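**Q** Numbering (our numbering), first residue to last: 684 to 1643. Dropping the structure in here first, questions after.
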């Protein structure tokens, strides 16, 4: 009920019945009220996800849809979680609350989230986890609660989390392992526990629990643990253990009573730990049966060579990570005991030189990372690694590549050389890399490819050359790359392409050439004609610009019939431009076209006739100012349309565009102020509408739109709550949704009710009247016509010119001429008016009839079956009958030439019968006494017009 409106109690009793009637009438009449939109005050929807990040929210919004499965409330200012916050989200499976100010969670705050699987509370201000804080989360499997200020954990805080498998409570202030015990004692299915970066000083297994746990991963890193003691088999399933203590002042004391207690650990991370000799010995003794991966990063206070030698004596270790250890040089003895290593990570050291035999002992090495070092060239040690599959030499100081740098690496699959100082390539540099699939050369200074890709690399699938200094791609530059699928050339100063620049790349499916200096004349040369299988082409931020829409003789993409995505945004930024009408010719399978921010003045109406499958179109940030509906007629499969910032005065073009499949419409920053109903009606599939940053008129022109935003539930209107009024001036900066529109229009449901009810009642009334009163209505109709005629002529009627006007049908004319006329005119001397003799030629018939009736003392109607069927005879008797009633004079004489049953008489004669029963003469019954018939007719003509004076005269026949 609207504010200020009081309930009418006299109407309440019939309310439910009225609603039933409305519903029934809507069904009968076929009216359907559409359901097409909704909005959220602070969030937006993406499929089943409700996203509210960085919205400056101080509390959980109340308008979150109940069908939400993922809710993102990150980076807001929420301080408390209350019982009512998540009350109606029964299918929510993921809740992200990280980076808020949450300090209190009320008991029962999550109680209704029965389907929740993942909860993220990272980076908040929780200090204490109270009893039953996670009540109701019986299906939760992942809980992240790191980087808070948690000091205290109540005994039953985690009691409800029976399904939890992953818990991250790192970065808090838990000071004792007993705090961890209070947590995990209620978590029978916990597999991964992260309690890194707390202030735990000792780890005593007996303080955890008396029963074994299912834990497979435990992170205790960055705790100041001085003693690590395991005296019972509490971790029978543990395979992943992180226990490093960076910058520890004293070595950790290891006390593992039985090496079987950690016999399943396969990955051990002791990064940053200070290791003494006894610690190394304990490490070798206790982790020598299952350990496969050892991470020893940042071991600045440990004798690294001895540690490596000890580690490599563990026969099961195959992966060794030695990042950030400040190693300047690797000699031939460094890894001499690491014969079983297959993965070696030396990233982030200061390596400048590697001896030729440094990796000779590691004959099975498959993955080697030397990124973020200071190597000036590719070490010769690489040539002795025939089993190597992945080599990362990125972010070094390599300036040149030699022909033998990758000799013998025929099995290499991935090679990373990005972010070095290469300026040119040689033709022979990759000659041995016949198995290479991925080559990363981006962000060097390469200006010349040197034929490096003309002959070799037959199996290469991905080549990254972005961020270099290439200025031209010559013919046949990539002819050796017949298997290449992905090529990136973006962020080069390329300004020259030739017809055969990409010849040989018949299997290429994706190419990025954005951020170059390619001009329209370069792509017009047919540079892309050989890319028959290309699906994605990105040409954004080049210098492609046309100044007219005239069709090109050779369209640039005419051979790319399989292309699905074309991006040309950001071209012609400084000058207004156009596109040729056949620019997209040949792209019969194009699904996405992006021409944002290209300063286009218009698009030719035939632009998309070549792209019937187009689904996504982005033409935002141009200078169209108007769009024609004809432009969209060839692309009826369009589902997403971006038309922001193109100075549109309205969206009315969509009404006739016939985009019935459009689901996503973004039309921000335009110049329209009114949103018409017809636009929405023309887009029945629309589910997402973004029209932010327009200037809305707050009057009745937008009344429908305002109601639609609030009430409908199909189309999401992004940020509608913050739409502001710009006009009229007295409402400026008021929210559009605060506009009172009750005075603008009648409620549509009430209108449907009233109109439908009227239609039904009218139908019932017409049916009833036709069945019971149709003759009376016919009479009333003709009487009304007579009234019109009388009103028109009675004030101008002349004195009686005739004694009688004879109304008859042409078929009865012989009787009138041979019988009636001789008797009345010749014998009795009456002056008669006959239509065939006395009507004025050229005068409208109805006027002649009216003048004749009102210009005669009497009207004689000669009635037969033909007479009753005649339209003009009916008109004559209508006028005469009305004169009878209007003047209250007996001016009508009915003469029946045939016997006619009373049931066949029209309502005029029945009405006459009621008024004057004796004024009927029958010619058939006058056969034996014709003279009596003519005498009675003479008396009828002779009588005065007063109704009461002639009743005794006409006695020839009394009709029943």
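By construction, the Cβ of each residue, glycine as well, lies at the ideal position given by its N, Cα and C atoms. As the structure is a prediction and not an experimental result, all values here were calculated from the model.
Given a cut-off of 8 Å, decide if residue 1502 and residue 1548 are closer than it, judged by their beta-carbon atoms.
**A** Cβ atoms of residue 1548 and residue 1502: not closer than 8 Å.
**Q** In the DSSP output, what is residue 1325 paired with across the bridge?
**A** Residue 1325 is bridged to 1301, 1349.
**Q** Entirely within the stretch 1379-1442 and at least 4 residues each: give me those alpha helix (DSSP H) ranges in chain order.
**A** For the stretch 1379-1442, whole alpha helix (DSSP H) runs of length 4 or above, ordered along the chain, are 1386-1394.
**Q** How about the stretch 841-852 and the stretch 867-882: do they share at least three Cβ pairs that are nearer than 8 Å?
**A** Yes: the two stretches touch, three or more of their Cβ pairs being nearer than 8 Å.
**Q** So, for residue 738: in the same chain, excluding its five sequence neighbours on each side, which residues have a beta-carbon less than 8 Å away from its beta-carbon?
**A** Here the set comprises 725, 726, 759.
**Q** Checking the sheet assignment: what are the DSSP bridge partners for residue 777?
**A** According to DSSP, residue 777 bridges with 753, 801.
**Q** Grouping DSSP H, G and I as helix and E and B as strand, with all else coil, what is residue 995?
**A** Helix at residue 995.
**Q** Is residue 1335 near residue 1362, with beta carbons less than 8 Å apart?
**A** Their beta carbons are under 8 Å apart, which means residue 1335 touches residue 1362 by this criterion.
**Q** Pull up the distance between the alpha-carbon of residue 887 and that of residue 860, whole angstroms please.
**A** Distance between the alpha carbons of residue 887 and residue 860 is about 7 Å.
**Q** Taking DSSP as the reference, what is the three-state secondary structure of residue 1561?
**A** Looking at residue 1561 - three-state DSSP - the assignment turns out to be helix.
**Q** Identify whether residue 1537 lies in helix, strand or coil by the three-state DSSP scheme.
**A** If DSSP states are grouped into helix, strand and coil, residue 1537 belongs with the helices.
**Q** Hey, quick one: how far does the alpha helix (DSSP H) through residue 1518 stretch, first residue to last?
**A** From DSSP, the alpha helix (DSSP H) with residue 1518 extends over 1518-1521.
**Q** Near residue 1019, which residues of its chain fall below 7 Å by C-beta distance, leaving aside the five closest residues on each side in sequence?
**A** Around residue 1019: 1044.
**Q** Name the DSSP beta bridge partners of residue 1289, please?
**A** Residue 1289 pairs with nothing; no bridge assigned.
**Q** Is DSSP giving residue 1248 helix, strand or coil here?
**A** Strand at residue 1248.
**Q** Mind checking who residue 1544 pairs with in its DSSP beta bridge?
**A** According to DSSP, residue 1544 bridges with 1490, 1577.
**Q** Would you call residue 1441 buried or exposed, if buried means 16 or more other Cβ atoms sit within 10 Å of its Cβ?
**A** So residue 1441 counts as exposed.
**Q** Residues in its own chain within less than 7 Å of residue 717 by CB, not counting five upstream and five downstream?
**A** Any reading at residue 717 must be qualified, since the residue scores a pLDDT of 29, below 50, and its modelled position is unreliable; the value itself is stated next. Counting only Cβ-Cβ distances below 7 Å, and skipping sequence neighbours, we find nothing.
**Q** Let me make sure I understand the geometry here. Which of 1578, 1574, 1123 has the alpha-carbon closest to that of residue 1491?
**A** The shortest Cα separation from residue 1491 among 1578, 1574, 1123 belongs to 1578.
**Q** Looking at C-beta atoms only, is the number of pairs between the stretch 760-771 and the stretch 780-791 that lie closer than 8 Å three or more?
**A** Because the criterion of three Cβ pairs below 8 Å is met, the stretch 760-771 and the stretch 780-791 touch.
**Q** Let's see if you can read the secondary structure: which residues bound the alpha helix (DSSP H) around residue 1276?
**A** From DSSP, residue 1276 is part of no alpha helix (DSSP H) but of the beta strand (DSSP E) over 1275-1277.
**Q** The alpha helix (DSSP H) spanning residue 851 covers which residue range?
**A** Residue 851 -> not in any alpha helix (DSSP H); beta strand (DSSP E) instead, spanning 849-851.
**Q** Is it right to say residue 1198 is buried, meaning 16 or more other beta carbons lie within 10 angstroms of its own, or is it exposed?
**A** When all chains shown are included, residue 1198 counts as buried.
**Q** Note down the Cα distance separating residue 1331 from residue 1180, rounded to an integer number of angstroms.
**A** Approximately 37 Å between the Cα atoms of the pair.
**Q** May I have the straight-line CA-CA distance separating residue 1437 from residue 790, to the nearest angstrom?
**A** Near 52 Å, if we compare the C-alpha coordinates of residue 790 and residue 1437.
**Q** Can you tell me the Cα-Cα spacing of residue 1125 and residue 980, whole angstroms?
**A** Spanning the two alpha carbons is a distance of roughly 28 Å.
**Q** From the DSSP secondary-structure annotation, give me the bridge partner or partners of residue 1219.
**A** DSSP, once it has assigned bridges, lists 1193, 1248 as partnering residue 1219.
**Q** Just mark residue 1540 as buried or exposed, buried being the case when its beta carbon has 16 or more other beta carbons within 10 Å.
**A** That one is buried.
**Q** In angstroms, rounded to a whole number, what distance separates the CA positions of residue 1379 and residue 1074?
**A** Going by the C-alpha atoms only, they are around 59 Å apart.
**Q** What residues in its chain sit with their C-beta under 7 Å from that of residue 1364, if we drop five residues either side in the sequence?
**A** If we look at residue 1364 and ignore the five residues flanking it on each side, it has no Cβ neighbours.
**Q** If you count every other CB in all the chains shown that lies within 10 Å of the CB of residue 1228, and 16 or more means buried, which is it?
**A** That one is buried.
**Q** CA-CA distance, residue 899 and residue 744?
**A** So the two alpha carbons sit approximately 38 Å from each other.
**Q** What is the DSSP secondary structure of residue 1154, reduced to helix, strand or coil?
**A** In this structure, residue 1154 counts as coil in the three-state DSSP scheme.
**Q** Applying the criterion that 16 or more other CB atoms from any shown protein chain within 10 Å of the CB defines a buried residue, is residue 1278 buried or exposed?
**A** Label assigned to residue 1278: buried.
**Q** Taking 8 Å as the cut-off, decide whether the C-beta atoms of residue 1203 and residue 1168 are in contact.
**A** No. Outside cutoff.
**Q** For residue 1070 and residue 1111, I'd like the C-alpha separation in whole angstroms.
**A** Computed Cα separation, rounded: 21 Å.
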